[in-house]
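Chains as they are written, first to last, in our numbering: chain A, 3 to 99; chain B, 26 to 239.
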């Protein structure tokens with residue numbers, strides 16, 4: 003059962019500070035990779051991969067997704083999957099038109 | 026341990042029933058709203074992806090005109106503001122009202138700083154004659170026109186979301202001061218926090234697409 007807003011354990015401030023430090027470190031990493039062309043032809047994929055890791059950290063820790071029940075997790079999966087298929091199907095049309 | 030967890034869950038459900046506050050419903054409602062927002066921004070990201078795949082060279086040259094320093098500072102500001110609002114919620118849950126108010130104030134300040142920097146960025150572009158439908162922009166390659174049009178639409182709509190978030194947190198600040206939001210009733214603040222984090226996540230993707238992918 004999804005137990006709701008006030009029922010999750012309260013995270014400590016240090017815990018949040020560590021997540022913030024990780025996010026800033028990933029930001030520095032993504033700028034360095036792009037500016038120094040470290041991934042050459044894969045810089046787009048690299049930047050989007052790091053952005054997804056950052057978004058994941060915000061979702062899981064700051065938005066407390068890891069404490070949510072299956073209802074919220076399932077809805078998120080559905081929304082992301084819908085967006086993925088919309089983009090994928092559009093590209094199938096664009097590439098093979 | 027498992028028994029203790031089960032016992033806590035039972036107590037929590039009872040407390041929720043006794044208080045008459047449907048925390049679960051409130052939170053699911055907020056998540057549902059955020060999913061509509063995800064698909065709203067998703068449509069714009071789709072447009073960006075299609076046009077970028079069609080005009081890679083023009084997108085490359087246009088993106089080099091972006092101010093990476095200001096973009097990076099703004100990204101750091103939004104990431105930090107996500108941290109401060111998360112701490113504000115944790116603080117109120119621990120009963121530390123004053124600290125929560127400080128953290129909410131810090132989040133509002135970071136949001137305002139973000140918008141001020143965005144104002145200077147837009148002003149710099151507009152002073153160069155780069156704005157939607159301007160003669161200078163229309164004389165450029167088609168891909169560059171699309172890049173800057175998407176830049177204004179996407180960062181503009183994101184900026185409006187930041188402004189709404191700042192106003193919402195300011196209202197939460199007043200609620201917290203008056204005791205409407207407190208240790209046992211913080212759903213409003215938590216849902217506002219969810220919205221703020223979502224706005225942060227959108228920027229996490231906008232930053233590389235406009236400032237880094239060159």
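For every residue, glycine included, the Cβ atom is placed at its ideal position computed from N, Cα and C.
* Within the segment 48 to 93 of chain A, ranges of the beta strand (DSSP E) (whole runs, at least 3 residues) -> Here no run is fully enclosed.
* To do: Would you kindly work out how many angstroms separate the C-alpha atoms of residue 75/A and residue 175/B, rounded to a whole number?
  => The alpha-carbon atoms of residue 75/A and residue 175/B are separated by roughly 31 Å.
* Is residue 183/B closer than 8 Å to residue 104/B when the C-beta atoms are compared? -> For residue 104/B and residue 183/B, no; Cβs fall outside 8 Å.
* Return the first residue and the last residue of the alpha helix (DSSP H) that residue 99/B is part of. => Run containing residue 99/B: 93 to 118, per the alpha helix (DSSP H) assignment.
* **Reference residue 77/A; option with closest CA among 188/B, 48/B and 53/B** => Selected option, being the one with the closest Cα: 53/B.
* Asked: Which of the three DSSP states, helix, strand or coil, is assigned to residue 54/B?
  -> Residue 54/B carries a helical assignment under DSSP once its states are collapsed to helix, strand and coil.
* To do: Hey, could you find the ends of the alpha helix (DSSP H) residue 161/B is sitting in?
  => Here the alpha helix (DSSP H) through residue 161/B covers 160 to 163.
* Got a sec: is the Cβ-Cβ distance from residue 44/A to anything in chain B below 8 Å? -> At a cut-off of 8 Å between C-beta atoms, residue 44/A does not count as an interface residue with respect to chain B.
* **Among 164/B, 185/B and 206/B, the one whose alpha carbon lies nearest that of residue 139/B** => With distances taken between Cα atoms, residue 139/B lies closest to 185/B.
* Where residue 210/B sits in the DSSP three-state scheme -> In the structure shown, residue 210/B sits in a strand (DSSP, three-state: E or B).
* Asked: Would residue 33/A count as contacting chain B if we go by Cβ distances under 8 Å?
  -> Judged by the 8 Å Cβ criterion, residue 33/A is in contact with chain B.
* Any Cβ of chain A within less than 8 Å of the Cβ of residue 75/B? -> Answer yes: the Cβ-Cβ gap between residue 75/B and chain A drops below 8 Å somewhere.
* Asked: Can you give the Cα-Cα distance for residue 132/B and residue 69/B, rounded to whole angstroms?
  -> Straight-line Cα distance between these residues: approximately 27 Å.
* Helix, strand or coil at residue 238/B according to DSSP, with G and I counted as helix -> Here residue 238/B sits in coil by DSSP.
* Run through DSSP, which three-state label would residue 98/A get? -> In this structure, residue 98/A counts as coil in the three-state DSSP scheme.
* To do: Give me the Cβ distance between residue 75/B and residue 96/A, rounded to the nearest whole Å; I'm assuming they're in contact under 8 Å.
  => Indeed, because the Cβ distance is near 6 Å, the residues count as touching under 8 Å.
* Helix, strand or coil at residue 148/B [DSSP, three-state] -> DSSP places residue 148/B in helix when its eight states are reduced to three.
* **Neighbourhood of residue 161/B by C-beta distance below 8 Å, restricted to the same chain and skipping five residues each side** => Contacts found: 153, 154 and 155.
* When DSSP labels each residue in this structure, what does residue 125/B get in the three-state scheme? -> Of the three classes helix, strand and coil, the one that applies to residue 125/B here is helix, per DSSP.
* Asked: Does residue 135/B get closer than 8 Å to chain A when you measure Cβ to Cβ?
  -> Answer no: the Cβ-Cβ gap between residue 135/B and chain A never drops below 8 Å.
* 8 Å CB neighbourhood of residue 56/B in its chain, flanking five on each side removed -> Within the same chain, 219 come within 8 Å of residue 56/B by CB-CB distance, once the 5 residues on both sides are set aside.
* **Straight-line gap, residue 7/A to residue 36/A (C-alpha atoms, nearest Å)** => For residue 7/A, the predicted model reports a pLDDT of 48, less than 50, meaning its position is unreliable; a value from the coordinates is still stated below. Residue 7/A and residue 36/A: Cα-Cα distance of roughly 39 Å.
* To do: Identify the contact partners of residue 230/B in chain E, using a Cβ-Cβ distance below 8 Å as the criterion.
  => This model lacks chain E altogether, as its protein chains are A and B.
* Could you pull out every residue in the same chain whose Cβ sits closer than 6 Å to the Cβ of residue 113/B, ignoring the five residues on either side in sequence? => Result list for residue 113/B: 125, 128 and 129, in chain order.
* With DSSP collapsed to three states, give me the class of residue 157/B. => Coil.
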